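Below: one structure, written as structure tokens.
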Ligand SMILES: [Fe+2]
């Protein structure tokens, strides 16, 4: 009996404390990251207008959506409302995926004046896997252009086969949903290119390789291995 009383008195407080800690942790994590370059720094490959809208409006919306869904999730969880926590999974995945994918995308790009081609282990792995970087791009671009609706095209590291793979995901699904480590993601949502390239996806895909930050991709590859 006394145990029951203790349990009633302490457990909700403990839960609230845990939820508060989780909320504090997530709130600190989930905010719009600054870009490591100016909005216009990727021109002419990607216009400053696209970059400003893409980062300050679209990415911000995913951040806001994730925080709102997480707050609802934590409130439902603290009440033991399992049905609501399940209903919120879709919003968490979509908005959380949008935040994760875009955060990775910004750091996968570099001003064209700073561009350097792949080198070292990454370059060797790409040559082994695809023949050359150019041959990889010749496979990557058609895969990206063939995405129906909105999604992402990726270079990823597949640990079981110790290989670099080209993969696509729909909507804002992160590549981790396929069990593959993302090395480089190219945003194939229209908001990423339409203002500049209209419906000509191949031109966007041709030019984006001028601003890929291969140094960051190589660091991800080294860490993934
Ligand atoms: Fe995007």
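Numbering (full-length UniProt numbering), first residue to last: 1 to 225. Each residue gets a CB set at the ideal place from its N, CA and C atoms; glycine is no exception. In this text the structure is predicted, and so the values were computed from the model without any measurement.
Check	Outcome
Cβ-based burial, residue 125 [other Cβ within 10 Å; buried from 16]	buried
Close beta carbons around residue 76, own chain, < 6 Å, minus the five adjacent residues each side	84 and 85
Sequence-distant residues of the same chain with beta carbon closer than 7 Å to residue 97, five excluded per side	172, 173 and 174
Own chain partners of residue 135 with C-beta closer than 6 Å, once the 5 adjacent residues on each side are dropped	none
Close beta carbons around residue 133, own chain, < 8 Å, minus the five adjacent residues each side	117, 118, 123, 126 and 127
Residues with C-beta closer than 6 Å to any heavy atom of ligand 1, in chain order	54, 58, 102, 187, 189, 191 and 192
Range covered by the alpha helix (DSSP H) that runs through residue 123	120 to 130
Beta-ladder partner(s) of residue 182, from DSSP	156
As assigned by DSSP and simplified to three states, the class of residue 109	strand
CB contact flag (residue 66, residue 185, <8 Å)	no
Per-residue DSSP class, three states only, for residue 86	helix
Cα-Cα separation between residue 39 and residue 88, rounded to whole angstroms	33 Å
Cutoff 7 Å; reference residue 148; Cβ partners in own chain excluding five residues on either side	none
Member of 121, 190 and 187 whose CA lies at the smallest distance from the CA of residue 220	121
Length of the line joining the Cα atoms of residue 217 and residue 183	5 Å
Given residue 207 as reference, the closest of 57, 35 and 137 once Cα atoms are compared	137
8 Å CB neighbourhood of residue 92 in its chain, flanking five on each side removed	66, 69, 70 and 73
Spatial neighbours of residue 114 in its chain, beta-carbon cut-off 7 Å, leaving aside the 5 residues before and after	none
Validate contact between the segment 191 to 202 and the segment 155 to 169 using beta carbons, cut 8 Å, 3 pairs	no
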